[in-house]
Amino acid sequence: MFYSDQKKQVSLYNRRTFILFLLKLSLFSAVGWRLYNIQILDSSKYKTMSKKNQIDLEIIFPIRGKIFDRNKVLIAKNEKVYDVYIIPENTKSINNTLNALSKFIDIDFIKRRKVIELSKQVKKFEKIKIFENISWSTLEKIETNKYNLQGVFIAEDYLRIYPYKDNFSHLLGYISKPNQQELALPFISKMPNLDIGKQGLEKSFNPLLVGKAGQREIEVNSNGRIIREISKVDSIKGEEVSLSIDLRIQQYAINLLKSHKAGSINVINIKTGEILCMASTPTYDPNKIIQKPNTEYWESILANTLSPLTNRSIQGLYSPGSTFKMIVAIAALKHGVINTDTTHSCTGKIGFGNRLYHCWKTNGHGKMNVTDAIKQSCDVFFYEISKKLGIDKIAEVAKDFGLGKSYDISMPNQNTGIVPNKKWKKEKKGESWYAGETLICAIGQGFVLTNPFQLAVMTSIIASNGKMIEPTIIKGNRVSFKTNDKYSKEIKIIKKAMFKVVNENKGTAFKSRLQDIKFAGKTGTSQVRRISLSERESDDFREKEQEWKNRDHALFVGYIPYDDPKYSISVIIEHGGSGASTAAPIAKQIFNYINELEV
Amino acid sequence: MILEKIKNLNYLLIFLLILLSFIGAAGLYSAADGSYQPWTSRHLVRFYIFLLMAILISLIDIKVIYKYSYALFGLTLLLLISVEVIGVLGKGATRWIRVFGLSIQPSELVKITIILALAKFYHDIKFENIKKISYLFFPFLILVIPFGFVIIQPDLGTSLSILILGAFILFLAGIRLWKFILGLIITLVSIPIFLQSIKPYQRDRIISFLNPESDPLGKGYQLIQSKIALGSGGATGKGFLQGTQSYLEYLPEKQTDFIFTLIGEEFGFLGTIFIIFLFILLIAVCYFISIKCFHTFGRILALGVASNIFIYVFMNIAMVSGLMPVVGIPLPLISYGGSVMLSIMISIGLVLNVELNYNHKKLDNA
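As given, the protein sequences belong to chains E and B, one line each in that order. Every letter in the first sequence is one number past the one before it in our numbering, and letter 482, counting from 1, is 508. Every letter in the second sequence is one number past the one before it in our numbering, and letter 284, counting from 1, is 316.
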């Protein structure tokens, strides 16, 4: 090798070594720049991503508040139930485990396929629910055999239970999963799987009952498996609600109603405004709606033409019939159309315009003053006074006594009924008022419609000498009601008449009187259809056995004790016949029962 | 004589090795959630054994190494071929051979013997012959045969690093630049031909490796998570043992290829730059030895080893930071794994040897 060659080679090596080193340095600078970008410039972005990676929020559902009656008896509670889950990861094969499980509990083909399909979709350590609310005997069998049931896991849950079944169906309603609209409500937005109230008090008290969700921050690894708990805020139980309802009266009333097809009984404590009983039949069992499968039960409810879902007390609208006569009488006395001595003679019918208006008593009551007319429920007397009174004055008094409006009693979907006047007819029907319609309304027929609860409130106002009772469904005294002095003189007269209805011979409810404690009231029989002339001419049209749906509704309103009224009642039996024969005896039984209870 | 050699060893280089392997040990300790098991203790034990081995290698007469360079290349090539044969017979792809309880990847060893063989070749030929095309044939074979066997394993990262390593060495040896460009073109053109000539199952392996969609929760996810680990470390890191990405198993292969991201999460930008700085230092020392050396064999050997280490480090960091596709290259001395550490320490031993024998004029008349 020549020396010059070697020298050339060395300088070539040195040059190229230097170039290579520079190349490597620049490549290292490139990764250094890259790291600077990731670790310094974009660091905050990656820090959030890292946090999101590790921390999951888990909602802890609150336990729904209990509901009590006025005597602290539980009427809506939460019962621990047991659900069966399977954790795919812990089984050798899902099929084997399901086979083993099917020895203790029936797993149908669809369910099995669903579980297996789900197990392929979810992460293998996630639990899949197979059964809800299993029976004690099944639970026992699964627990004792759990070593043969790999991956089967039993978890507690809470189920809403209504121990008095259908006694409170309309009052309490029921709970279920929220729908799309309800998901927007503030108190459930984070808990799409939490049951919420769908009807009745469960619905209106939902914000109170639902409680506050807790949450758990958990660290999860890349598979979503929980590594540890970081923080936990316990859920807050829903508030307890004590109703003004007395379970015993409610049960008693429901039982009385059950001997008829449909009806409603309402009892109000006049002194406090507390609703002691709000019963409506037919009923349904909310437990059967909550517990799945419920399809069959739902279908049977929907198929029932009597619509058991309707709370007749506040949603059923009826002609008040003769129970409306107190309103008309007060209006007539107030406006000087009559005084206590004014009499009209009842011959069984009067003519007005080109029509005949009949009294229920075909042969007539004879000479009647206002007290007698209420006591014997003479229709002709009221035809006569309403002619001079006019509908608008009647309507004004009716509204003063609480008809035609809804009450702040936390019950959704009240039907307010109709208190007609001339303006109303013009607006709704586009026609002017006919004088004859006033006569019909004066006996609580025609356009006048009320719900049974309104009649109970009306009776309370009369009984309390005009106190503006504010009914409530929550237990607690509310004694300071405003008194409306406008009608105090007239009310005194009417109350005496109502006493006679029950406690004097010839009174329509005389047969239903109580010996120990006197009560006052008024019967009502509201016509469901018009009686044709030919029917009226046949003597026995009232006695004739008629088809159930054509029979009159039977009504009674009243209060007890007469001297110092404490409880008011309204009873309506759909197609029950006459108020005197059907509704008044029920009111008597209830009053008697309340006396026994000494609430 | 031996004592004097030991006295003259490059202790800066040895210090850098110790520092890097200790950083690796710390990373592995953290990867195991604060435990010496299962990685840290073995990592350190291996390091000490291999360091001893490197020093022993540095004491061997360089003329012996020079003499057997081709033989060593042939031997490692045989090992590489046998891995492929065993793989075929055993009906499964494998890259490993077990020797003395250690899994050895022949492809790692072959890279060292490629350096040796090329160094010997260029040491032997006359300077004026370097430019002749006929003298390119033998180096070409030295590179292409191992490359072919590695790529059908398929180990894309290692096979690529063989090519780059070869390019670095040939560049140093004095090959003209245009020949590299020509070589690149030939390589690109020959890829389809190569794919055609190999067996279908080998082709499938390579294609499925190159196609990331064949691995749904694979490379893309790995890359995002490793970037999150690096990025969430910020400037100074979350602190030792405080990294959540590895602890919560978001980091894939945290103890091997992705250990750099774990260190980046716990020690931040400062930590990652410090590691890169140490590697630059390590490579610079090798360059220094290369320049200092009188003979071509030593020069090429030292620079080849430096290039080999550079390729590992660069590819690994580029891969975990998303500059390069994920190809499975570990970080030398820091990642867990005996095979890479063995090959790195052997090659460092050779560099130490070169420095001790830098002033030899002749190597071929022992």
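Virtual Cβ for every residue (Gly too), placed ideally from N, Cα, C. Here the structure is a predicted model, which is why all the values come from computation and not from measurement.
Within the model, the alpha-carbon separation for H327 of chain B versus S70 of chain E is close to 52 Å. When E:F231, E:S268 and E:K229 are compared, the shortest CA-CA separation from K98 of chain E is found for E:S268.
Neighbours of G206 of chain B in chain E, taken as residues at a C-beta separation under 9 Å, are given in chain order as Q35, L38, Y39 and R42. For K259 of chain B, the chain E residues whose Cβ falls inside 8 Å of its Cβ are I64 and Y72, in order along the chain. Taking a Cβ-Cβ threshold of 9 Å, the residues of chain E close to G266 of chain B are Q65, I66, S69, S70, Y72 and K73, in chain order. Under the 8 Å criterion on CB atoms, S52 of chain E is classed as non-interfacial with respect to chain B.
Annotation: S596 of chain E to V141 of chain E spans about 54 Å, alpha carbon to alpha carbon. When DSSP states are grouped into helix, strand and coil, Y184 of chain E belongs to the strand group. Per DSSP, F157 of chain E is one residue of the beta strand (DSSP E) stretching across I154 to F157.
When the alpha-carbon of S139 of chain B is set against those of B:F79, B:L83, B:S114 and B:L382, the nearest one is in B:S114. Membership of E243 of chain E in the beta strand (DSSP E) is indicated by the continuous run G240 to V246. Around the beta carbon of R96 of chain E, a 10 Å sphere encloses 16 or more other beta carbons of the protein chains shown; the residue is thus reported as buried. For V148 of chain E, the nearest beta carbon of chain B is not closer than 8 Å to its own beta carbon. In the three-state scheme derived from DSSP, where H, G and I count as helix and E and B as strand, L359 of chain E is classed as helix. Sequence-distant Cβ neighbours of E457 of chain E in its own chain, meaning closer than 7 Å and more than five residues away, are K451. When DSSP states are grouped into helix, strand and coil, V383 of chain B belongs to the helix group. Here E166 of chain E carries a helix assignment [DSSP, helix/strand/coil]. Three or more pairs of CB atoms, one per stretch, sit closer than 8 Å, so the stretch 317-324 of chain B contacts the stretch 335-349 of chain B. For L335 of chain B, the chain E residues whose Cβ falls inside 8 Å of its Cβ are T43 and L46, in order along the chain. At least 8 Å separates the beta-carbon of S264 of chain B from that of Q254 of chain B. Under the 8 Å criterion on CB atoms, Q80 of chain E is classed as interfacial with respect to chain B.
When DSSP reads this structure, H384 of chain E sits in a beta bridge with E:K375. Within the same chain, and ignoring the five residues on either side of R78 of chain B in sequence, the residues whose Cβ sits closer than 7 Å to its Cβ are G370 and M373. For the pair of segments examined, the stretch 405-425 of chain E was found to touch the stretch 356-376 of chain E: the number of CB pairs separated by less than 8 Å reaches three. Within 7 Å of the CB of F342 of chain B, the CB atoms of chain E belong to K50, in sequence order along the chain. Taking 8 Å as the cut-off, the Cβ atoms of M437 of chain E and I340 of chain E count as close. The Cβ-Cβ distance between Y190 of chain E and L273 of chain E falls below 8 Å.
Beyond the five residues adjoining it in sequence on each side, G492 of chain E comes within less than 8 Å, by CB distance, of T509, N510, D511, K512, Y513, S514 and I517 in the same chain, given in chain order. The bridge partners DSSP lists for K526 of chain E come to none. Contact check for I180 of chain E and L165 of chain E: beta-carbon distance about 7 Å, within the 8 Å limit, so the pair qualifies. Separation of K224 of chain E and S202 of chain E (C-alpha to C-alpha, rounded to the nearest whole angstrom) is 6 Å. Listed by position along chain E, the residues whose Cβ is nearer than 7 Å to that of T72 of chain B form an empty set, because the closest Cβ is around 22 Å away. Rounded to whole angstroms, the separation of the alpha carbons of C404 of chain E and I296 of chain E is 28 Å. A straight line joining the alpha-carbon of N365 of chain E with that of V396 of chain E spans about 8 Å. Here M33 of chain B is exposed. Its C-beta has fewer than 16 other C-beta atoms within 10 Å. The beta strand (DSSP E) runs lying completely inside the stretch 285-364 of chain E and spanning 3 residues or more are 289-295 and 301-307, given in chain order.
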